[in-house]
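In the working numbering, the protein residues as written are 390 to 828.
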Amino acid sequence: MDSAPFAVKNPCRLMFEDHLQKTLADLETQHRRRRLFVSDLATGPLVRFEGKTRHNFASNDYLGLAAHPQVVAAALEATREFGAGAGASRLVIGTQRPHRELEEKIATFKNTAAALVFGSGYASSTGALQALATKNDVILLDKLSHACLVDGARLSGATIRPFHHNDPAHLEHHLQWAREKHRQARVFIVTESVFSMDGDLAPLRDIVGLKDRYGAVLLLDEAHAVGVLGRGGRGLADQLGLAHRIEVQMGTLGKALGSSGGYLAGSRALIDLLVNRARSFIFSTAPPAATAAAASAALDLCAGPEGDQRRAKLRGLAALLDPAPPAAIHPVIIGREEDTLQAAEQMARLGFHLPAIRPPTVPAGTSRLRVSLSAAHDPEVVRTLAAALPAIVAPATPQNDNPDTVCPVCGAALISEKCKVVCRSATCGYRIVFNCSEF
Ligand SMILES: Cc1ncc(COP(=O)(O)O)c(C=O)c1O
390 MDSAPFAVKN PCRLMFEDHL QKTLADLETQ HRRRRLFVSD LATGPLVRFE
440 GKTRHNFASN DYLGLAAHPQ VVAAALEATR EFGAGAGASR LVIGTQRPHR
490 ELEEKIATFK NTAAALVFGS GYASSTGALQ ALATKNDVIL LDKLSHACLV
540 DGARLSGATI RPFHHNDPAH LEHHLQWARE KHRQARVFIV TESVFSMDGD
590 LAPLRDIVGL KDRYGAVLLL DEAHAVGVLG RGGRGLADQL GLAHRIEVQM
640 GTLGKALGSS GGYLAGSRAL IDLLVNRARS FIFSTAPPAA TAAAASAALD
690 LCAGPEGDQR RAKLRGLAAL LDPAPPAAIH PVIIGREEDT LQAAEQMARL
740 GFHLPAIRPP TVPAGTSRLR VSLSAAHDPE VVRTLAAALP AIVAPATPQN
790 DNPDTVCPVC GAALISEKCK VVCRSATCGY RIVFNCSEF
């Protein structure tokens, strides 16, 4: 039987389609609709969408390792040896060597007894919180925590109380409440070390002090700190000498480590419990050997002299922005969704790819452009970006009729050529030059 006419006539299906279209239309009205676009360049300092090449400030490849020859070679070699896919979950089919080697390396890097690799950072957080906390427990969560931490907390069924962002006094208030009202509960504190959309650092010393004082357990998400902060890129907890006091250390392999996947690191019992209880680990096909081998190669580079050089360059690039971010994320808060979309479009016309971050990723009224730096960036390009940003946030009075071609620095006309965008004013000097040999 032909299913197409059935699909068209089925009233339930029509109502469902109608609901989908209405929801999408609502998102469009709120300037919150998102769309996928196709890029045809390797991860690096440039992106190319629909034939247009731009400087890439959207990637979390902070050390520029995603396309590093050693990382790519490790992935290729592992694919040849182990195939493209793992075939089943590890409890069913066993652990391929690259995963075991990577977990040993992560445990050594984090100075913990053991580590466990998941298919993504998202799966690591949701799996860990769902496995560790129960409905009898309490989770105190920084209000700006990443969605995977919020979702993991919800999956656990625990009582959740968000505390004001980076506010130890408010956290302590909640700890007192938890100890009074939920005497038998285990209390978990959950936070990020470098916040993904704000780029600021958690007051980790205070949080660890409170955790110890109130007998709580800390899950720290170092997704945006690993590779960037600490000795050999071990993260903020290492930088502050606090790592040994944190029970559950989480991170991702898909950002500074240039690959894909996530991990939890901690005691042997923690990891064994996750193997037995974390549903996103148990009920999911193991990540391909290629991503584990790539992450291993990236970890070696990250912890070695090349990693140190790349971090030094990254710090130099961060110093070019105002204010200089403590890690590699520089938010430019704009406010309304539509203004942020316009700002992203303006930046695109100037040759920069900067994502417009809107709710629900960030709170309403705080939509922003998120600048993500990488050691692969050219300092000249970052300087030009830094010069362009203030004018995008508070646009200069245009001196010509076409806002599409106005220089963000002085307001004179811009001239677009094949490999560059140049300001017509003789005194301004604003120009964006692409390396044409790269595309
Ligand atoms: C703070 C934080 N934790 C976890 C994740 C999830 O990591 P992954 O992208 O590897 O799933 C992200 C991703 O953006 C993140 O920003």
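Think of the CB as a built atom: it goes at the ideal place given N, C-alpha and C, for glycine as much as any other residue.
Q) What does DSSP give as the partner residues of F552 in its beta bridges? A) Locating residue 552 in the sequence shown gives position 163, where the first residue counts as 1. Partner(s): D531.
Q: Please report the residue range of the beta strand (DSSP E) in which G724 lies.
A: Here residue 724 corresponds to residue number 335 of the sequence shown, with the count starting at 1. Its beta strand (DSSP E) spans residues I718 to G724.
Q: Using 10 angstroms around the beta-carbon of L409, count the other beta-carbons present and answer buried if the total reaches 16, otherwise exposed.
A: By 1-based counting over the sequence shown, the position of residue 409 is 20. Burial call: exposed.
(Q) Does the distance between the C-beta of C537 and the nearest non-hydrogen atom of ligand 1 fall short of 6 Å? (A) Position 148 of the sequence shown, counted from the start, is the residue given in the question as residue 537. Within the cutoff, so yes.
**Q.** Best match in P748, D531 and T680 for proximity to S649 [C-alpha to C-alpha]
**A.** The residue given as residue 649 occupies position 260 in the sequence shown. It is T680 whose Cα lies nearest to the Cα of S649.
Q | L607, DSSP secondary structure in three states | A | Residue numbering aside, residue 607 sits at position 218 when the sequence shown is read from its first letter. In this structure, L607 counts as strand in the three-state DSSP scheme.
Q) Which value, in whole angstroms, describes the spacing of the CA atoms of T442 and V770? A) Position 53 of the sequence shown, counted from the start, is the residue given in the question as residue 442. Position 381 of the sequence shown, counted from the start, is the residue given in the question as residue 770. Distance between the alpha carbons of T442 and V770 is about 14 Å.
Q: Express the C-alpha separation of A683 and H488 in angstroms, rounding to a whole number.
A: Taking the first residue of the sequence shown as 1, we reach residue 488 at position 99. Taking the first residue of the sequence shown as 1, we reach residue 683 at position 294. If you take the alpha carbons of H488 and A683, they lie about 10 Å apart.
Q) Rounded to a whole number of angstroms, what is the C-alpha to C-alpha distance between G651 and N449? A) Within the sequence shown, residue 651 is the residue found at index 262, counting from 1. Within the sequence shown, residue 449 is the residue found at index 60, counting from 1. Distance between the alpha carbons of G651 and N449 is about 14 Å.
Q: Identify the continuous alpha helix (DSSP H) that holds V539 and give its terminal residues.
A: For the purposes of this step, residue 539 is taken as the residue at position 150 of the sequence shown. Where V539 is concerned, the enclosing alpha helix (DSSP H) stretches over A536 to S545.
Q. Going by the CB atoms, is the gap between Q628 and G619 shorter than 7 Å?
A. The residue given as residue 619 occupies position 230 in the sequence shown. The residue given as residue 628 occupies position 239 in the sequence shown. It is a contact, given that the beta carbons lie within the stated cut-off.
Q | Exposed unless 16 or more other CB atoms sit within 10 angstroms - verdict on G696 | A | In the sequence shown, the residue the question calls residue 696 occupies position 307. Buried, because 16 or more other Cβ atoms sit within 10 Å of the Cβ of G696.
(Q) Relative to the C-alpha of F741, which candidate in G754, P752 and L762 has its C-alpha closest? (A) Within the sequence shown, the letter at position 352 stands for residue 741. Of the listed residues, the one whose Cα sits closest to F741 is L762.
Q | Straight-line Cα distance separating G616 from A701 | A | In the sequence shown, the residue the question calls residue 701 occupies position 312. In the sequence shown, the residue the question calls residue 616 occupies position 227. Each residue's alpha carbon lies about 11 Å from the other.
Q.
Starting from R747, trace the beta strand (DSSP E) in both directions and tell me its first and last residue.
A. Position 358 of the sequence shown, counted from the start, is the residue given in the question as residue 747. Taken as a continuous stretch (DSSP letters only), R747 belongs to no beta strand (DSSP E), as it is neither H nor E.
Q) Would V539 pass as a contact of A567 if the rule is Cβ separation under 7 Å? A) Sequence index remark: in the sequence shown, residue 539 carries index 150 (1-based). Sequence index remark: in the sequence shown, residue 567 carries index 178 (1-based). No.
**Q.** Bridge partners - V637, DSSP secondary structure assignment
**A.** Indexing the sequence shown from 1 puts residue 637 at position 248. Partner(s): L608.
Q: Tell me whether the beta-carbon of A435 lies closer than 7 Å to the beta-carbon of N445.
A: In the sequence shown, the residue the question calls residue 435 occupies position 46. In the sequence shown, the residue the question calls residue 445 occupies position 56. Residue identity differs from the one stated: residue 435 is Leu in this sequence, not Ala. Note that the C-beta distance between L435 and N445 is below 7 Å.
Q.
Going by the DSSP bridge assignment, what does I578 pair with across the sheet?
A. Against the sequence shown, residue 578 aligns to sequence position 189. Partner(s): L529 and L607.
Q: Indicate whether R584 and L653 have their beta-carbon atoms separated by less than 7 Å.
A: Sequence index remark: in the sequence shown, residue 584 carries index 195 (1-based). Sequence index remark: in the sequence shown, residue 653 carries index 264 (1-based). In the sequence as presented, Arg is not what sits at residue 584; that position holds Phe. Using a Cβ distance threshold of 7 Å, F584 and L653 do not count as a contacting pair.
Q.
Give me the DSSP bridge partner(s) of H444.
A. Here residue 444 refers to the residue found at position 55 when the sequence shown is read from its first residue. According to DSSP, H444 bridges with L435 and F741.
Q. Considering only the beta carbon of each residue, do R747 and R422 sit closer than 7 Å?
A. For the purposes of this step, residue 747 is taken as residue 358 along the sequence shown, with counting starting at 1. For the purposes of this step, residue 422 is taken as residue 33 along the sequence shown, with counting starting at 1. In this structure, R422 does not lie closer than 7 Å to R747 by Cβ.
Q) Contact between the stretch 622-641 and the stretch 480-487: three or more CB pairs below 8 Å? A) The count of Cβ pairs closer than 8 Å, one atom from the stretch 622-641 and one from the stretch 480-487, stays below three, leaving the stretches out of contact.
Q) Grouping DSSP H, G and I as helix and E and B as strand, with all else coil, what is P792? A) Along the sequence shown, one-based indexing puts residue 792 at 403. Interpretation of P792 is limited by its pLDDT of 41, a score under 50 that renders its predicted location unreliable; the figure taken from the coordinates is listed afterwards. If DSSP states are grouped into helix, strand and coil, P792 belongs with the helices.
Q: Assign L452 to one of three DSSP states: helix, strand, or coil.
A: By one-based count along the sequence shown, residue 452 stands at place 63. If DSSP states are grouped into helix, strand and coil, L452 belongs with coil.
Q.
Taking only three categories from DSSP, how would you classify V583?
A. To locate residue 583, count along the sequence shown from 1; it is residue 194. Taken through DSSP and simplified to helix, strand or coil, V583 comes out as strand.
Q) Within the present structure, is the beta-carbon of Y451 separated from the nearest heavy atom of ligand 1 by less than 6 Å? A) What you label residue 451 is simply residue 62 of the sequence shown in a count that begins at 1. Incorrect: Y451 has no Cβ contact closer than 6 Å to ligand 1.
Q) My guess is that L646 and L454 are in contact by the Cβ rule of under 8 Å, so how many angstroms apart are they, rounded? A) Within the sequence shown, numbered from 1, the residue matching residue 646 stands at position 257. Within the sequence shown, numbered from 1, the residue matching residue 454 stands at position 65. Right, the Cβ-Cβ distance comes to about 7 Å (below 8 Å), so this counts as a contact.
Q: Measure the CB-CB distance between G588 and P714 and report whether it falls below 7 Å.
A: As a working note, residue 588 is residue 199 in the sequence shown. As a working note, residue 714 is residue 325 in the sequence shown. Closer than 7 Å, so yes.
Q) Could you give the residue range of the beta strand (DSSP E) that holds R757? A) To locate residue 757, count along the sequence shown from 1; it is residue 368. Residues S756 to S761.
(Q) Out of G541, N500 and T755, which one is the CA nearest neighbour of A512? (A) Your numbering for residue 512 matches position 123 in the sequence shown. Out of G541, N500 and T755, G541 has the C-alpha closest to the C-alpha of A512.
Q.
Could you compute how far the alpha carbon of S705 sits from the alpha carbon of R437?
A. Along the sequence shown, one-based indexing puts residue 705 at 316. Along the sequence shown, one-based indexing puts residue 437 at 48. Checking the sequence, you will find Gly at residue 705 rather than Ser. The straight-line gap from Cα to Cα measures roughly 26 Å.
Q) Say the cut is 6 Å; is the CB of S685 nearer than that to a heavy atom of ligand 1? A) In the sequence shown, residue 685 corresponds to position 296, counting from 1. No - ligand 1 has no heavy atom lying nearer than 6 Å to the Cβ of S685.
Q.
Given the structure, does E581 come close to ligand 1, in the sense that its CB is under 6 Å from one of the ligand's heavy atoms?
A. Locating residue 581 in the sequence shown gives position 192, where the first residue counts as 1. It does: the Cβ of E581 is within 6 Å (strictly closer) of some heavy atom of ligand 1.
Q.
Only counting the same chain, and skipping five residues up and downstream in sequence, which positions put a Cβ closer than 8 Å to that of T674?
A. Here the question's residue 674 lines up with position 285 in the sequence shown. Closer than 8 Å at Cβ, skipping near neighbours: G474, A475, G476, A477, S478 and G508.
Q: Following the continuous alpha helix (DSSP H) through G508, name the residue where it begins and the one where it ends.
A: Residue numbering aside, residue 508 sits at position 119 when the sequence shown is read from its first letter. From DSSP, G508 is part of no alpha helix (DSSP H); its letter is neither H nor E.
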